[in-house]
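Below: the structure, in structure tokens.
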Amino acid sequence: MHELSLMDRVRELALDQAQRHGASRITSITLRIGSLAGVDPEALQFAHEVVMADTIAAGSRLQLELVAAQCFCSPCGAPFAAPDGVCVCPCCGTISSELLQGRQLELAALELV
Ligand SMILES: [Zn+2]
26 MHELSLMDRV
36 RELALDQAQR
46 HGASRITSIT
56 LRIGSLAGVD
66 PEALQFAHEV
76 VMADTIAAGS
86 RLQLELVAAQ
96 CFCSPCGAPF
106 AAPDGVCVCP
116 CCGTISSELL
126 QGRQLELAAL
136 ELV
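Heads up, the final residue of the sequence shown is numbered 138 in the working numbering, and it's a clean run with no missing numbers.
Here it is as structure tokens:
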């Protein structure tokens with residue numbers, strides 16, 4: 026289950042940030058997830074509980090910000106939505122290789138106490 030190893034990295038980042046800010050607890054963690062990141066939100070919630078247990082982030086809330094995938098069409102000079110990762114411009118049919126967003130999995134915000 027790769028959600029566990031992802032959350033493991035998130036935990037390292039979050040604990041590092043908390044330490045830098047001298048926080049004693051992490052109460053909420055927000056992740057930004059692209060629709061093509063290939064993660065299962067439910068599995069992430071589960072992984073979050075497992076990975077954060079016994080840390081200052083135990084019992085914190087996990088919030089997920091979902092980001093829809095987008096490609097850019099050069100002939101049209103405009104971005105378009107590519108919900109399933111198929112980057113074919115709906116206006117001119119050009120196959121775009123410029124994925125603007127949709128694959129990210131980032132730590133977006135932390136609530137520290
Ligand atoms: Zn186009």
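We treat Cβ as the ideally placed atom computed from N, Cα and C, and that holds for glycine.
Membership of L38 in the alpha helix (DSSP H) is indicated by the continuous run H27 to R45. In this model, G47 and L137 are separated by some 9 Å (Cα to Cα).
Pairing E28 with F71 gives a Cβ-Cβ distance under 9 Å. Taking the Cβ atoms as the reference, I58 lies roughly 7 Å from E90, within the contact range of under 8 Å.
At least one heavy atom of ligand 1 lies closer than 8 Å to the C-beta of T119.
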